[in-house]
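Structure record follows, encoded as structure tokens.
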Amino acid sequence: MGDEAGYTSDEMMSVTAARQLHDGQVCFVGIGLPSQAANLARRTHAPNVILIYESGTIGTRPEILPLSIGDGELADQADLVVSVPEIFAYWLQAGRVDVGFLSAAQIDRFANLNSTVIGPYGTPRVRLPGAGGAPEIASSCGEVIVMLRHSKRTFVPQVDFITSVGFGRNGEGRAGHRGSGPRVVITDLGVLEPDPDTKEMSLVATHPGVEVQEVLASTGWDLQVSDNVAVTPEPTEEELGVLRHLKEQTAAAHSHR
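Heads up: the sequence shown begins at 4 in the working numbering, then just goes up one per residue.
Here you go:
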């Protein structure tokens, strides 16, 4: 998928993720594509979605995409700003957040996420940025949307370290965790969802122009495939127009900083 389709794979991911949000939901947002998706939803079909960023901004309505969770734009446009401990203790861990976005360096067949190390923990080949607030988001949000680019390097049979729990090493479930876990995994190739019974991830949709075999070849395990694989609806002119205008505003603003 590329510009010849009239949109990029990143735009396809952002639009697909934005459609997962509903008006009035409380959403714990991340930087990058999750921020694009959440703010696209707010500017289109979900104007009353309540966006929370980890830095403590609640009900923020940024006019441009933030550079980081600490971007002043988020505080300027927020209903209120609280401390980071309050965000986690009062809002997130108390079950007041409906949906959260996550990403990682690795994901496995049961949607466990790794952002800690590649290789053995004691002698890793790569030491990654670490957990941050991801474990709490994975544990306490009502549900989780995962956004990742699809490759065998990322979609591995078993993550080297469970930073953020999905459904356990063997799909045993989420005992002790408030939230229901990953509801959907959105990639640049398609959409995966957990099987209701086994909790193993299954391919339920491919993006336009992507074949099922391409997804299978980009996955490090024998990926389950739904009996009726759908094709993700293409971005509409409105969705692309709003998203691109937002990115243009952001680029213009940041060029003067």
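Don't be surprised by glycine CBs; every beta carbon is placed ideally from N, CA and C.
Source: prediction; values computed, not measured.
Handout entry: Among P160, S143 and S38, the one whose alpha carbon lies nearest that of G223
Key = Distance from the Cα of G223 is smallest, within the candidate group P160, S143 and S38, for P160.
Handout entry: Sequence-distant residues of the same chain with beta carbon closer than 8 Å to T99, five excluded per side
Key = It should be pointed out that residue 99 corresponds to Arg in this sequence rather than to Thr. V29 and Y93.
Handout entry: Residue range of the beta strand (DSSP E) that includes S205
Key = M204 to T209
Exercise for the section: Using alpha carbons as the reference points, say which of N42, V187 and S142 lies closest to I165. Expected result: S142
Problem - Alpha carbon of S86 to alpha carbon of V234, nearest angstrom - result: Spanning the two alpha carbons is a distance of roughly 42 Å.
Handout entry: For S12, three-class secondary structure by DSSP
Key = Reduced to three states, the DSSP call for S12 is helix.
Problem - Touching by the beta-carbon criterion (3+ pairs, under 8 Å), the stretch 196 to 211 and the stretch 133 to 151 - result: Output reads no: the stretch 133 to 151 does not touch the stretch 196 to 211.
Exercise for the section: Inspect the CB distances between the stretch 130 to 138 and the stretch 173 to 182 and report whether three or more fall short of 8 Å. Expected result: no
Problem - 3 or more residues per run - each beta strand (DSSP E) lying fully within the stretch 24 to 79 - result: The DSSP assignment places 29 to 32 and 53 to 56 as complete runs of the beta strand (DSSP E) inside the stretch 24 to 79, in order along the chain (cut-off: 3 residues).
Handout entry: L249, enclosing beta strand (DSSP E) - first and last residue
Key = That residue, L249, is in no beta strand (DSSP E); its alpha helix (DSSP H) goes E240 to H257.
Exercise for the section: Indicate whether the contact test is met: 3 or more Cβ pairs, each with one atom in the stretch 101 to 113 and one in the stretch 62 to 81, closer than 8 Å. Expected result: The stretch 101 to 113 makes no contact with the stretch 62 to 81: fewer than 3 CB pairs, one atom from each, lie closer than 8 Å.
Problem - Cβ-Cβ separation, S12 to L43 (assumed contact under 8 Å), whole Å - result: Not really, about 16 Å apart at Cβ, beyond 8 Å.
Exercise for the section: Under 8 Å by Cβ, that's how I've got P138 and S183 pegged, so tell me the actual separation to the nearest angstrom. Expected result: Contact doesn't hold; Cβ gap of about 16 Å is too wide.
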